[in-house]
Amino acid sequence: MSEDKQYDFYVAGPFFDPEQTASMERLEKILEDHGKVLFEPRFASQIEEAGPEGCFADDIRGINAAKAVVANLMDEDPGTMFEIGYAHALGIPVYGYFENLTPMDRVNLMIAQSVELVFAGPDDVAKYLETGEHTEVDYIQF
């Protein structure tokens, strides 16, 4: 990871209902507990204040300033999918996050092929941050 970046991770993912927000909070907490500096788009700007253009610009700046992106794949949120593609196109490493990932879960092949790996939940993220290893799950790419 590049040392000239302001954030360790840009944390992409949906946050439009309580379940999504709770999942994002678990992901953010495990990263913060390991001393990582985060860009959290859900707190970066409010659409009511910044407008769509301002929110978009803030998020693009956040991705550009991050060493890596970690994307919550719990939902096929279009914004998250864009953030993954944008970061991948720039050569910024992207990691997926899918709580309770099993071999029966499906991940779109365009997403699966653009991420370095997919974490199977908070414990897997912690394991990776502490040891560099993670639990590999052979999920379905479609």
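According to this note's numbering, the sequence shown holds residues 145 to 286 in order.
Backbone N, C-alpha and C fix where the C-beta goes; we use that ideal spot for every residue, glycine too.
It should be emphasised that the depicted structure is a prediction, and the values quoted were computed from it without experimental measurement.
Leaving aside the five residues before and after residue i along the sequence, list all residues of the same chain whose C-beta is less than 6 angstroms from its C-beta, in chain order.
i      : result
ASP203 : PRO185
HIS232 : VAL238 and SER258
MET218 : SER167
THR198 : Looking at the sequence provided, one finds Gly at residue 198 rather than Thr. Cβ within range, chain order: SER189.
I think residue i touches residue j, with their Cβ atoms under 8 angstroms apart; what is that distance to the nearest whole Å?
i      : j      : result
VAL214 : PHE160 : The pair is not a contact, with the Cβ atoms about 18 angstroms apart (cut-off 8 angstroms).
ASN216 : MET168 : 6 angstroms
CB residue i to CB residue j, shorter than 8 angstroms?
i      : j      : result
ILE228 : ALA166 : no
GLU285 : LEU253 : In the sequence on display, residue 285 carries Gln and not Glu. Yes. Within cutoff.
What does the alpha-carbon distance come out to for the pair residue i and residue j?
i      : j      : result
THR224 : GLY235 : 17 angstroms
GLY276 : LEU182 : 19 angstroms
MET145 : GLU163 : Caution applies to MET145, whose pLDDT of 47 falls short of 50 and renders its modelled position unreliable; the value that the coordinates give is listed next. One C-alpha to the other measures close to 31 angstroms.
ILE191 : HIS178 : 30 angstroms
ASP282 : ALA188 : 34 angstroms
GLU193 : ILE255 : 31 angstroms
PRO222 : LEU171 : 19 angstroms
ARG250 : LYS211 : 27 angstroms
ALA201 : PHE226 : 13 angstroms
LYS180 : PRO196 : 28 angstroms
What does a CB cutoff of less than 7 angstroms around residue i pick up in its chain, not counting 5 residues either side in sequence?
i      : result
HIS278 : LEU261, PHE263, ASP268, LYS271 and TYR272
ALA209 : LYS149, GLN150, TYR151 and PHE183
Excluding sequence positions up to five away, which residues of its chain have a Cβ less than 8 angstroms from the Cβ of residue i?
i      : result
LEU175 : ASP152, PHE153, VAL155, LEU182, VAL214, VAL269 and LEU273
GLY206 : TYR151, TYR154, PHE183, PRO185 and ALA188
Indicate whether the contact test is met: 3 or more Cβ pairs, each with one atom in the stretch 234 to 241 and one in the stretch 260 to 268, closer than 8 angstroms. yes
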